[in-house]
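Undergrad: The sequence shown runs 0 to 83 under numbering that gives the first Met the number 0.
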Amino acid sequence: MVRIRLSRAGRKKHPVYRMVVMDSRAPRESKYIDYIGTYDPILKTGNINVEKAKEWLAKGAQPTERALKILKQFGLEEQTSKAE
0 MVRIRLSRAG RKKHPVYRMV VMDSRAPRES KYIDYIGTYD PILKTGNINV EKAKEWLAKG
60 AQPTERALKI LKQFGLEEQT SKAE
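Pasting the structure below:
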């Protein structure tokens with residue numbers, strides 16, 4: 000199953016997460032299929048490509064709970080109800 004999930008980056012004590020599309024069986028830091036954007040949980044900022052996320056949701060990718068919450072913050076509303 001293909002999932003939209005977060006991959007950790009950044010430095011010690013200051014994580015930055017990449018939102019990526021990858022196989023659900025793959026480890027967190029492994030190769031990803033597609034890169035959607037970044038999210039900084041400390042500053043609550045990021046740059047998420049919502050159009051690319053909509054494309055992957057239309058293809059059947061399932062977002063994790065945290066990824067779905069972040070996508071909603073960045074303006075993804077209409078597609079999320081169908082993906083859940």
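A virtual CB, placed ideally from N, CA and C, is assigned to each residue, including glycine.
Using alpha carbons as the reference points, say which of Q61, D39 and S29 lies closest to R10.
TA: Among Q61, D39 and S29, the Cα nearest to that of R10 belongs to D39.
Undergrad: Going by beta carbon distance, what residues of the same chain come within less than 6 Å of I32, once the five residues before and after it are set aside?
TA: Hits under 6 Å: V20 and M21.
Undergrad: Under 8 Å: does the beta carbon of S6 sit that close to some heavy atom of the ligand SAH?
TA: The model depicted lacks the ligand SAH and carries no ligand whatsoever.
Undergrad: Given a cut-off of 9 Å on the beta-carbon distance, is the pair R17 and T63 in contact?
TA: Not closer than 9 Å, so no.
Undergrad: The alpha helix (DSSP H) with R4 in it runs from where to where?
TA: Premise fails: R4 lies in the beta strand (DSSP E), V1 to R10, not in any alpha helix (DSSP H).
Undergrad: Going by C-alpha to C-alpha distance, which of I41, L56 and L42 sits closest to N48?
TA: It is L56.
Undergrad: Smallest Cα separation from V15: which of S23, E28 and R24?
TA: For V15, the nearest C-alpha among the options comes from E28.
Undergrad: Could you pull out every residue in the same chain whose Cβ sits closer than 6 Å to the Cβ of Q72, ignoring the five residues on either side in sequence?
TA: Cβ within range, chain order: n/a, list empty.
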